[in-house]
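The listed protein sequences derive, respectively, from chains A and B. For what it's worth, our numbering labels the leading residue of the first sequence as 122, then goes sequentially. For what it's worth, our numbering labels the leading residue of the second sequence as 1320, then goes sequentially. Using N, Cα and C, we set each Cβ at its ideal position, and we do this for glycine too. First up is the structure itself, then whatever we jot down about it.
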Amino acid sequence: MFMKKAALTTGIAAAFMLASAGGASAFTACQVTDVGGIDDAGFNQTAWKGVQDAMSSYGIDGRYLESQSETDYEPNLNSLIESKCDVIISVGFLMGDATKTSAEANAGQKYSIVDFAYDPTIPNVIGQVYATNEAGFLAGYLSAGMSKSGVVGTFGGINIPPVTAFMDGYYYGVAYHNSQKGTNVQVLGWNPASKEGLFTGNFESLDDGRAFAQNLYDEGADIVMPVAGPVGLGSAALADELGSDALMIVGVDADQTQTDPDRAHVYLTSVLKRMDSTVMQVIKQAMDGSFSGGILLGNLQNDGVGLAPYHHFDDKVPAALKAEVEEVRAGLISGAIKAGG
Amino acid sequence: MSGEARSSGPAMSPDMKALLVPAIDSRSSWRELFILPLAAMFLAMLIGALIMMATSVAPETILQSFIAMAHGSVGSIHAISETLTAAIPLVLAGLGIGLAFRAGLFNIGAEGQMVVGGLAAAIASFLVTGLSIWLHLPLVLLVGLAIGAVYAAIAGLLKAATGAHEVISTIMLNLISIRLLDYMLRQPFIQKEGRSDPISKAVLETAELPRILEFLDGNLRLHAGLFIMLAAVAVIYWLLFRSKLGFAFRISGENPGAARYAGIRAGLTIVMAMAIAGALAGLAGAIQVSGVLGRATPGFTAGIGFDAIAVALLGRSHPVGILLAGLLFGALEAGGRQMQVDAGVSIDMIGIMQALIIIFVAAPLLVRRIFPPLFRERPRGGEENG
């Protein structure tokens, strides 16, 4: 018994030495995900892609920590401070308060938060925000042109500005199509005036994604834009079963034909939030010393937001509509058209 | 025994005789409390390693991940602080569930009791103003405790009055509490100013549980709830094993027939046991809000009320066992975080390990078969694993 114990102790001691010897990279970027997880086919995954791009381009170390509930945010941020990260990237509106608390308690640590900004700004935090209403506007315009039933739908995860910005843009894009082309396409699931609409109340349940899309489909919608991270995968599964003639999905955040390749044929397009490019930009700033707290805005002009290619629908979208979408894009960039919201 | 009792009840069958034998012999229960969970943990880690290997994680990463787990749970003052912080609500809610177990009640509702207790505490923490911390903080904690007790007592009353099974009613009360939380967090007097999502106002400073290690490092989250937890362990131990009420609970749990025969009022016992269980869960919710989170948000309980069921099982429904099990679960949570950062192992792996530990603890015979020397019953003085 004693011999066994001694051997065990030696083993543990050796293991500790092994562990402390490893890991000597110059720069480490760390990410804390929100409750969606690192493989949410949405903004956590896209932000992580930015870190991975930086890992391969700049040769840095990258790590991530997944949060299982809102109560994990603060301890996760803290444990990254313990792990000596050069820049900590947190993701999402819901992590806003936790990131602020952590940043104020650790003024020497660089932070950047994806999809959120502080007013007033915090000196050691860069807030990355996106004009998704501009890209959503394009998707709305496109959907209005593609809908055969004259009804399109959308729903969100939680009624918070980063979610509803998509829905605002989508709504106004449809409305713009109606006013320009004399159509009367209806939008179900969101009313920008009253700020009320359909929300699943979570960013996890694929069942909810299916049920909400089913409801909208039952009400006549043939195009649905779910703005709820992985919840949208459930909607895509429904569209896959019904067939893309009956129901098309507009993806959000990432190009979902890439993140959900098995059901790529149901995605009309995706409203892109290029968080990978802004995350990479922040890491570069942190590396070359030009990091300073404030806001980084991604919009149509700097390719921080955009529409994904039509992929499977490339020959189904009429050339005239494609041209109109490009015109609307130019109009939004020049300011001739207002995305509203 | 057999002669007189026959008139008041059915004949004594072998099954009933078995019921009269105490479920756990308290003299040898230290084996149950210490050795069994340790052996279960060892087996769980072994199988966890096998699962990691099966998912093609490199052996050195597996080793690294266990080191990271040890480091992240007890390897630094920060790690210990996180372990204890995570253990506090688990132990408190676990004590309640364990106590209900002892009284023969399966309280699945700790989650819901935490939700209503925490919500009530949050409301009391910002609506009541102008008190000093010496009045405000105890008030907030007591509100959480009382509301949790009332909420759980509903399930107890339903069982006592109508026979509705407490498993069903507490599960349903959980669902109600979650929707109630969503609804309440949107009410203007609760919702944080300028937000459209459900989130409460912040807990006032006079209602915050002080962080007891703040003088060392601002990031250390351990709060004074630690002392409340330790006190609760002592109080529940006294209640269960030294008080008349606890005796009534245990008798009702081990042999309801005998309890009734001895003149213990079954209905009152059920309601009391549920109320105390709910009080502890409500207190756990209040402590989370006041000591850790600083506000109520949807899902602020984070499944702690369900994990606490596992803690109570693992602790064999004994207050000291629950304390140890809660510490272990807290360590798994804190260590799991480090496992992710250092070794890049998925957080889901921690969930698998926790589940494996519970499976092994729930199957004590299996563990005894695998490690026979640890559980050899008879030999006292002589050869203890020479």
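Please indicate yes or no: does the CB of residue 1545(B) lie closer than 7 angstroms to some heavy atom of the ligand FAD?
Of ligands this structure carries none, so the ligand FAD is not represented either.
Determine which residues of the region 187-201 of chain A have a Cβ less than 8 angstroms from any Cβ of chain B, and write them out in chain order.
When C-beta distances to chain B are compared with 8 angstroms, the residues of the region 187-201 of chain A below that value are 187, 189, 190, 191, 192, 193, 195, 196, 197, 199, 200 and 201, in chain order.
Look up residue 347(A) in the DSSP assignment and give the residues it is bridged to.
276(A)
Residue 143(A): buried (16+ other C-beta within 10 angstroms of its C-beta) or exposed?
Note on residue 143(A): pLDDT 39, under 50, position unreliable in the model; the coordinate value appears next. Exposed, by the Cβ-count rule.
Look at the alpha carbon of residue 446(A) and the alpha carbon of residue 262(A), and state the distance between them as a whole number of angstroms.
7 angstroms
Once the 5 residues before and after residue 320(A) are set aside, which same chain residues still bring their CB inside 7 angstroms of it?
276, 277, 278, 279 and 280
Straight-line CA distance for residue 370(A) to residue 290(A)?
Just so you know, the alpha carbons of residue 370(A) and residue 290(A) end up roughly 16 angstroms apart.
If contact is defined by three or more beta carbon pairs under 8 angstroms, each pair taking one atom from either stretch, is the region 343-363 of chain A in contact with the region 373-392 of chain A?
yes
Check whether the Cβ atoms of residue 1628(B) and residue 1427(B) lie closer than 8 angstroms to each other.
yes
Between residue 1455(B) and residue 1438(B), what straight-line distance do the alpha-carbon atoms span, to the nearest angstrom?
16 angstroms
Run through DSSP, which three-state label would residue 249(A) get?
Assignment of residue 249(A) by DSSP, reduced to helix, strand and coil, places it in the strand class.
Using a Cβ-Cβ cutoff of less than 8 angstroms, which residues in the same chain neighbour residue 1353(B) once the five nearest sequence positions on both sides are dropped?
Cβ within range, chain order: 1643.
So which residues of chain A does residue 1619(B) contact, with C-beta pairs closer than 7 angstroms?
191 and 192
Cβ of residue 1350(B) less than 8 angstroms from any chain A Cβ?
no
Under a Cβ-count criterion, where at least 16 other Cβ atoms within 10 Å of its own Cβ denotes burial, should residue 1371(B) be classed as buried or exposed?
buried
Using three-state DSSP, classify residue 455(A) as helix, strand or coil.
helix
In this structure, how does DSSP classify residue 1314(B) when only helix, strand and coil are distinguished?
Because residue 1314(B) is not part of the residues shown, which for chain B are 1320 to 1705, the question remains open.
Note down the Cα distance separating residue 1508(B) from residue 1520(B), rounded to an integer number of angstroms.
9 angstroms
Chain B beta carbons: is any one of them nearer than 8 angstroms to that of residue 325(A)?
Under the Cβ criterion of 8 angstroms, residue 325(A) is not counted among the residues facing chain B.
Check whether the Cβ atoms of residue 461(A) and residue 338(A) lie closer than 8 angstroms to each other.
no
For the structure I just gave you, are there three or more beta carbon pairs, one from the region 1405-1414 of chain B and one from the region 1539-1549 of chain B, closer than 8 angstroms?
yes
Could you have a look at residue 314(A) and say whether DSSP puts it in helix, strand or coil?
coil
Using a Cβ cut-off of 8 angstroms, pull out every chain B residue sitting near residue 226(A), in sequence order please.
1537 and 1538
Would you mind reading off the limits of the alpha helix (DSSP H) that contains residue 176(A)?
164-179
Does any residue of chain B have a CB that is nearer than 8 angstroms to the CB of residue 184(A)?
yes
Would you call the region 1471-1487 of chain B and the region 1589-1600 of chain B touching, i.e. three or more CB-CB distances under 8 angstroms?
yes
From 1555(B), 1384(B) and 1559(B), pick the residue whose C-alpha is nearest to that of residue 1657(B); which is it?
Of the listed residues, the one whose Cα sits closest to residue 1657(B) is 1384(B).
Does any CB atom of chain A fall closer than 8 angstroms to the CB of residue 1397(B)?
yes
Give me the subset of the region 1599-1624 of chain B whose CB atoms are less than 9 angstroms from a CB atom of chain A, sorted by chain position.
Residues 1607, 1611, 1612, 1613, 1614, 1616, 1617, 1618, 1619, 1620, 1621, 1622 and 1623.
Residue 1346(B) to residue 1553(B), Cα distance in whole Å?
Note that residue 1346(B) scores 49 on pLDDT, short of 50, meaning its location in the model is unreliable; the coordinates nonetheless yield the value given after this. Rounded to whole angstroms, the separation of the alpha carbons of residue 1553(B) and residue 1346(B) is 19 angstroms.
Which residues, taken in chain order from the region 271-282 of chain A, show a beta carbon closer than 7 angstroms to some beta carbon of chain B?
279, 280 and 281
Residue 182(A) by DSSP, collapsed to three states: which one?
Strand.
Excluding sequence positions up to five away, which residues of its chain have a Cβ less than 6 angstroms from the Cβ of residue 1388(B)?
These residues qualify, in order along the chain: 1654 and 1658.
Just verifying my parser: in three-state terms, what is the DSSP assignment at residue 426(A)?
strand
Assuming contact is defined by CB atoms lying nearer than 8 angstroms, are residue 252(A) and residue 426(A) in contact in what I supplied?
yes
Alpha carbons only, please: which of 166(A), 148(A) and 404(A) is nearest the one belonging to residue 381(A)?
Taking only the C-alpha atoms, the option nearest residue 381(A) is 166(A).
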